[in-house]
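Chemist: In the working numbering, the protein residues as written are 40 to 137.
By construction, the Cβ of each residue, glycine as well, lies at the ideal position given by its N, Cα and C atoms.
Once you've had a glance at the structure underneath, I'll fire off some questions.
As structure tokens, this is what we get:
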């Protein structure tokens with residue numbers, strides 16, 4: 040998870056830096072067709088900022104899912120080792136009784 044989290048943070052920082060340089064160079068207006076609804080006179084910088092924010096939310100969601108999957112795997116591994124330890128203790132007790 041630490042590797043995935045570090046990679047996601049690096050990607051977020053790099054995309055933020057690239058968005059910043061794009062915002063420095065963009066100064067024109069455009070129109071956006073958003074699912075059939077036309078939005079006029081939107082700065083391209085605004086579009087970049089909105090896409091950066093949505094990208095950050097998407098990256099957070101992906102890392103959240105990856106974290107939950109890793110936690111589930113660790114819980115399953117702990118349960119498996121606990122069951123193995125209990126079965127080995129029972130076998131030792133049976134050997135001692137004989």
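By the DSSP assignment, the beta strand (DSSP E) with residue 76 in it spans what residues?
Modeler: Looking at the DSSP string, the run of the beta strand (DSSP E) that includes residue 76 is 76-82.
Chemist: With distance defined between alpha-carbon atoms, name the residue in 130, 131, 57, 129 nearest to residue 90.
Modeler: Residue 90 has its Cα closest to that of 57, out of 130, 131, 57, 129.
Chemist: Going by DSSP, name the residue or residues bridged to residue 68.
Modeler: Beta-bridge pairing links residue 68 to 82.
Chemist: Consult DSSP for residue 51 and reduce its assignment to one of helix, strand or coil.
Modeler: Correct three-state label for residue 51: helix.
Chemist: Rounding to the nearest angstrom, what Cα-Cα distance links residue 61 and residue 74 in this structure?
Modeler: Looking at the two C-alpha atoms, the distance is approximately 25 Å.
Chemist: How many Å lie between residue 68 and residue 80 at the Cα?
Modeler: Cα to Cα, the separation comes out at about 5 Å.
Chemist: CA-CA distance, residue 115 and residue 129?
Modeler: Cα-Cα distance, rounded: 21 Å.
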